[in-house]
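Q: Shown below is the structure under consideration.
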Amino acid sequence: MIASSNINSIWADLFVHELVRHGIRCFCLSSGARCGPLTAAVARHPDIEPVIHFDERASAFYALGHARATGKPAVWITTSGTAVAHGYPAVIEAAQDHVPLILMTADRPPELRDTGANQTIDQVKLFSPYVRWQVDMPCPDTAVPPSYVLTTVDQAVAHASGTRSGPVHLNVMFREPLTPEPDGRDYADYLEGLGSWRTVGTPFTEQGEHLRTPTPATMDAVAKRIGRAENGLLVIGRLDDESDRRSARELARMLPWPAFVDITSGLRLGPQQTDHIIRFADQTLLASQADRKPDLILHFGGPLVSKRIQQFVADCAADSEYMLIKTHVNRQDPAHRVRYALEVHFPSFMTALRARNAKARPARYLKSWQLDSVAAQAVLEDFLTNDGAVDEIYVASEISRAMPETHGLFLGSSMPVRDMDMYAHPESPALPVAANRGASGIDGTIASACGWAEGMDRPVVVVLGDLAFLHDLNALHYVRQSRRPITVVVINNNGGGIFSFLPIATYKDVFETCFGTPHGLTFEPAAKQFDVDYAQPESRNAFKEAFAQAVGSGGSSILEVRTERESNAALHRDVQARIRAALES
């Protein structure tokens with residue numbers, strides 16, 4: 002039923018009903034008067050359970066996490082003014098990482114723009130550099146046919162979900178009344194213009210499937226490149242869903258080459274279906290690999306976390322062929338080395354490659370990469386055997402090893418994702434892994450993880466640093482309310498731990514205050530304020546027990562791990578020196 006109390010309510014209902022017909026169920030809202038018509042339409046729809054948060058930034062990141070999990074657009078609704086700007090970080094991340102979002106921002110009518118009217122800013126094209134499509138909607142008016150509203154929604158969904166998926170922006174002006182109060186008018190004739198839409202239950206404009214099947218000529222060229230390689234290297238970056246991960250696993254089995262797999266690919270963790278995967282590839286590059294340069298690098302999927310692997314690929318690609326297989330049209334080549342790029346649907350790519358029965362020559366250096374990975378693993382196992390003070394390498398290894406296979410793992414974009422990429426335990430369960438690595442910001446991590454948990458319908462462990470935790474403190478409101486248990490592991494080294502690994506750390510006169518940024522806080526009071534269970538294990542064994550209890554409790558909790566930045570950097574250097582020595586010997 003379309004509400005017909007006033008024209009604002011009609012348009013708001015049309016927006017919401019059409020989004021629901023596209024299968025969208027995640028609507029994230031923060032309170033505000035100007036978005037009242039949209040809020041009421043969402044709240045009254047029987048198939049929607051709106052997600053409410055008092056902060057627009059957290060709400061936008063929750064929508065981002067949900068859309069990342071489902072692959073379907075999530076809707077973020079906000080009121081006018083600076084509330085809109087609070088969504089900008091999440092919009093940038095969605096754009097960079099091709100996550101579908103629909104931004105519905107309420108706005109003042111044109112007669113109030115540029116007049117100094119309260120809570121009125123220029124919202125038109127505010128997100129312009131980062132959205133796939135945008136429209137400044139007119140104020141609801143019977144002079145505009147209702148089908149315009151529906152086809153605009155259909156266009157927004159198509160752009161958000163298309164081959165270049167990402168955020169879209171509908172800026173929606175409303176005049177008063179902003180409540181669903183009846184205005185005494187009869188809108189029956191106006192709604193008659195919708196025709197059969199009111200009864201069929203499908204979108205006004207149904208979009209066909211986005212087909213990105215490679216042509217026979219394209220696949221012949223790919224198979225030819227693979228077939229002539231004498232020493233190939235497979236690099237697997239971020240993958241978005243299980244169908245992509247299945248394709249990547251099949252490719253790794255098919256090609257008798259070493260496979261470097263990123264932590265966000267979903268192939269770094271879990272029992273391996275092929276021994277071609279070099280689990281500790283990043284650490285094997287601590288020693289010189291000048292004699293193991295490939296003549297073909299096949300990069301499958303998104304970007305990589307490891308800077309060492311990125312640099313190795315860039316160095317090798319200067320003298321060899323670099324082929325990139327990706328799902329989007331955007332350039333993904335910071336070193337400007339890609340010589341052949343293909344935008345394609347991964348399962349379709351594998352179907353076509355399989356049909357060609359492409360024959361790849363075994364890489365001569367596969368065994369040596371495997372042996373180096375085993376040597377790096379042995380050093381790590383020796384380092385991890387004894388109890389002692391809990392440290393950040395141990396935390397990454399233990400979390401990956403002890404994760405229940407029913408859970409998902411969400412990683413903060415600074416050291417946590419890097420440590421997991423380098424040191425995840427080889428006997429870890431297979432499970433989904435995500436991180437906001439599009440723009441690699443540390444804001445919105447907890448909110449994104451909560452949305453991701455809801456979208457996957459799984460409990461989630463989120464690992465992040467103390468500054469990222471402070472950035473997203475109010476998202477603990479989501480943790481408290483989450484129907485899926487959220488275990489937050491916050492590594493508190495009293496500042497920006499990653500800076501201790503950078504050259505600036507040697508400039509003692511400016512480093513600690515301006516880069517280390519110590520805050521002197523602990524997070525037990527925050528856990529108490531939001532009524533979330535809390536523990537602070539101080540030893541490795543204590544962390545092992547606390548983590549097992551947290552993920553097995555059926556509820557949400559915060560585990561705070563206290564470390565020290567300078568000693569953590571020294572510990573990483575020591576472990577890597579041991580690995581380098583083992584590799585060189």
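Start counting at 1 in the sequence shown, then tack on 1, and there's your number in the working numbering.
For each residue, glycine too, the CB sits at the ideal point set by N, CA and C.
Predicted model only: the values in this text are computed from it and were never measured.
Among G445, D534, V464, whose alpha-carbon lies nearest the alpha-carbon of P90?
A: G445
Q: Quick check on the burial criterion: 16 or more other C-beta atoms within 10 angstroms. Buried or exposed for F350?
A: Buried.
Q: Go ahead and pull the three-state DSSP assignment for K327.
A: strand
Q: For N358, is the classification buried or exposed, using 16 other Cβ atoms within 10 angstroms of its Cβ as the cut-off for buried?
A: exposed
Q: Quick one: residues in its chain with C-beta nearer than 7 angstroms to the C-beta of G389, no 5 flanking neighbours on either side, listed in chain order?
A: S540, R541
Q: Go ahead and pull the three-state DSSP assignment for P168.
A: strand
Q: For A291, does the count of other Cβ atoms within 10 angstroms reach 16, so buried, or fall short, so exposed?
A: With fewer than 16 other Cβ atoms from the protein chains shown falling within 10 Å of its own Cβ, A291 counts as exposed.
Q: Identify which residue in E585, V576, Q577, A528 has its Cα closest to the Cα of L560.
A: That would be A528, whose Cα lies nearest to the Cα of L560.
Q: According to DSSP, is E428 helix, strand or coil?
A: coil
Q: Hey, out of W258, E193, V169, whose CA is closest to Y131's CA?
A: V169
Q: Looking at the secondary structure, which residues open and close the beta strand (DSSP E) in which E561 lies?
A: 558 to 563
Q: A583 to L287, Cα distance in whole Å?
A: L287 has its alpha-carbon roughly 10 angstroms from the corresponding atom of A583.
Q: Okay, do the stretch 255 to 266 and the stretch 325 to 344 touch, 3+ Cβ pairs below 8 angstroms being the bar?
A: no
Q: Would F516 and G497 be called neighbours here (beta carbons separated by less than 8 angstroms)?
A: yes
Q: What residue does the beta strand (DSSP E) around F512 start on, and which one ends it?
A: Careful: F512 lies outside any beta strand (DSSP E), inside the alpha helix (DSSP H) at 509 to 512.
Q: Taking the CB atoms as reference points, tell me whether M220 and V173 lie closer together than 8 angstroms.
A: no
Q: Can you check DSSP and say which residues form a bridge with W134?
A: V169
Q: Is DSSP giving Y366 helix, strand or coil here?
A: Look at Y366 here: in three-state DSSP terms it is coil, with no helix or strand label.
Q: Contact between the stretch 57 to 64 and the stretch 106 to 126 is defined here as three or more beta-carbon pairs at a separation below 8 angstroms; is this criterion met?
A: The stretch 57 to 64 and the stretch 106 to 126 do not touch, with fewer than 3 CB-CB distances between them shorter than 8 angstroms.
Q: Tell me the DSSP secondary structure of S60 in three-state form.
A: helix
Q: To the nearest angstrom, how far is it from the Cα of L1 to the Cα of A230?
A: A query on residue 1 cannot be resolved here, the shown segment of the chain reaching from 2 to 586 and no further.
Q: What are the partner residues of G33, as DSSP defines its beta bridges?
A: For G33, which the question treats as bridged, DSSP gives no partner whatsoever.
Q: Any contact between the stretch 519 to 535 and the stretch 479 to 488? By contact I mean 3 or more CB pairs, one from each, below 8 angstroms.
A: yes
Q: Rounded to whole angstroms, what's the CA-CA distance from R213 to T352? Just pull it up for me.
A: When the Cα atoms are used, R213 and T352 turn out to be separated by approximately 12 angstroms.
Q: Which runs of the alpha helix (DSSP H) at least 4 residues long sit entirely within the stretch 429 to 470? Give them in chain order.
A: 446 to 457, all fully within the stretch 429 to 470.
Q: Taking the C-alpha atoms as reference points, what is the distance between K1 and T285?
A: The requested residue 1 is not part of the displayed model; the chain covers only 2 to 586.
Q: Assuming L179 and G37 make a contact with CB atoms under 8 angstroms, what is their CB distance in whole Å?
A: Correct: roughly 4 angstroms between the Cβ atoms.
Q: Kindly list the residues whose CB is nearer than 6 angstroms to the CB of A547, restricted to its own chain and excluding five residues on each side of it in sequence; keep chain order.
A: A536, P538, L560
Q: Could you tell me the boundaries of the alpha helix (DSSP H) in which V154 lies?
A: Looking at the DSSP string, the run of the alpha helix (DSSP H) that includes V154 is 147 to 162.
Q: With a threshold of 16 other CB atoms inside 10 Å of the CB of D241, please say whether the residue is buried or exposed.
A: buried
Q: Rounded to a whole number of angstroms, what is the C-alpha to C-alpha distance between I443 and E193?
A: 49 angstroms
Q: With a 10 Å radius around its C-beta and 16 neighbouring C-beta atoms as the bar for buried, classify T514 as buried or exposed.
A: exposed
Q: Going by DSSP, which residues form a beta bridge with T106?
A: T79, N172
Q: Pop quiz: L465 and G521 are said to be a contact at Cβ under 8 angstroms. What is the actual Cβ separation, rounded to whole angstroms?
A: Not a contact, Cβ separation roughly 19 angstroms.
Q: Please report how far the alpha carbon of D594 lies from the alpha carbon of Q311, in whole angstroms.
A: A question about residue 594 goes unanswered here, because the residues of the chain that appear run from 2 up to 586.
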